Structures are given as structure tokens and as C-alpha cells.
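Right, one structure below, let's go through it.
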Amino acid sequence: MRSATSGPADRLCETVLRFADRGLCPATGGNFSTRIDANRVLITASGVDKRRLTPRDLLSIGLDGTLIGDGKPSAETGLHLALYNADPTIGAVLHGHSLANTVLSRVGNPQRLTFSGYEMQKAIRGQSNHADQLSLPVFHNSQDMDELAGWLRERFDEATLACAFLVRGHGIYVWGTDLVEASRHLEGWEFLLDCELQRRTLENGL
Ligand SMILES: [Zn+2]
Numbered sequence: 083m084r085s086a087t088s089g090p091a092d093r094l095c096e097t098v099l100r101f102a103d104r105g106l107c108p109a110t111g112g113n114f115s116t117r118i119d120a121n122r123v124l125i126t127a128s129g130v131d132k133r134r135l136t137p138r139d140l141l142s143i144g145l146d147g148t149l150i151g152d153g154k155p156s157a158e159t160g161l162h163l164a165l166y167n168a169d170p171t172i173g174a175v176l177h178g179h180s181l182a183n184t185v186l187s188r189v190g191n192p193q194r195l196t197f198s199g200y201e202m203q204k205a206i207r208g209q210s211n212h213a214d215q216l217s218l219p220v221f222h223n224s225q226d227m228d229e230l231a232g233w234l235r236e237r238f239d240e241a242t243l244a245c246a247f248l249v250r251g252h253g254i255y256v257w258g259t260d261l262v263e264a265s266r267h268l269e270g271w272e273f274l275l276d277c278e279l280q281r282r283t284l285e286n287g288l
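The sequence shown begins at 83 in this note's numbering and counts up by one.
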């Protein structure tokens, strides 16, 4: 595999290692990317243990899906590219599998999860009040990335308000203008999902 530009590659690795240490990438799961320029992104290769990621495990790929160099792209590369192609201001896309995002997207098969009353909602771009309602869309899971990308296009405006969406029983996708904003969105959403899972468990158990 070929490492690309050292700056973005190092920053992407640092980001992945941080979230892998927090348990968002069990069993080689999850994939992470950042934009290099208007036409190319760096993305984690398939099947790599994210806790041991190095710049050699990153692939450079064009927004049209053309692999630059060698290596095996993740099956979910197509969903990352769909996001970059849908919005040229997106500079980073992060995808993780956590217990909270996997479970909450399944309970009751929701079309969206709605959050209100959490100060952490303000971690998401454009949110300024804990009392507002903040929705996180949930899409069906599919092994067909074209199908998933089609559902994303249908509900892209809704997902843009959250800078994120869930794939049922699978994980979360978040994005931002750069790795810093995307990381804040991932931390914020995972905190909100943890809170909501705990709240529901406690309320149902009382
Ligand atoms: Zn995944």
C-alpha cells in the first residue's frame, strides 16, 4: 500500500487511533477518510486493525472511485465517496461501530432518533440550544453500497442537519469540514447515544 501526503495521512492516523482506543472500531470495523484536494481523499484500507493503523494502511482514491496506487479499499468506500460528491465542503468522514449506536438504531426499528434536553447537542454544527429537537436519521443496513448511497441521497437534507446518520444494527457516519469538526461531531454523537441508551435502560428498569 502506498502512503500519500504526510500531513493529512498523519492527522488521519491520529484521529483513527484516538477513536479506536475508545472502542469504536472493534474487530477491524469502521473506516475513516479525509480529503486531500478537490478530487481525491485518503481512506483506511479494508481489514486493518485500527488500533495499529499507520500511514501505510491508507489508500488514496479519486472521488470517481479510481484507486491511486495499490491496496484493497473497504467495501464502504462508496458511501464515503457519495458524501464527498454530495457536498464539496465535506473535508472528513468518520464511521465507527459502538455498542450504543448499534443497539439504539435497532430498538423499535426507528426512522430517526430524536434528542432534546442535552447540553451536548451544541457539539453539532448549527445547534445552539439544548431545548431544541435534534434528529439523527436511521437508514436500513445493506451490503449494497449503491443502495445505501441512494437512501442517503433521498434524505441528505435531513442528514446534513445532523452532520451524521446511523445505519441500523451497524454504526454511525459523521462528517465535517475537516478532521477537527468531524471528530467533534463523532465525540458529541457518541456521548449523546451513550446518554440515551443509559436513560432508556434506567427508565425502563425503574
Ligand atoms: Zn461499517
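All residues carry an ideal CB built from backbone N, CA and C; glycine is no exception. As the structure is a prediction and not an experimental result, all values here were calculated from the model.
Between Arg138 and Ala102, the CB-CB gap reaches or exceeds 8 Å. Distance between Thr159 and Gly232, taken at the CA atoms: about 14 Å. Secondary-structure assignment with DSSP links Arg117 through a beta bridge to Val123. In the structure shown, Thr159 adopts helical secondary structure according to DSSP, grouped into three states. The criterion of a C-beta distance shorter than 8 Å is not satisfied by Met202 and Phe247.
In chain order, His212, Leu274, Cys277 place their CB closer than 7 Å to the CB of Tyr200, counting only its own chain and leaving out the 5 sequence neighbours on each side. Taking the Cβ atoms as the reference, Asn183 lies roughly 11 Å from Gly112, outside the contact range of under 8 Å.
The beta carbons of His162 and Val123 sit closer together than 8 Å.
Its chain contains Ile172, Gly173, Ala174, Arg207, Cys245, Ala264, Ser265, Arg266, His267 as the residues whose beta carbon lies nearer than 8 Å to that of Gly258, once the 5 sequence neighbours on both sides are disregarded; these appear in chain order. Residue burial annotation: Thr126 is buried, with at least 16 other C-beta atoms found within 10 angstroms of its C-beta. In this chain, the alpha helix (DSSP H) harbouring Arg235 covers 227-236.
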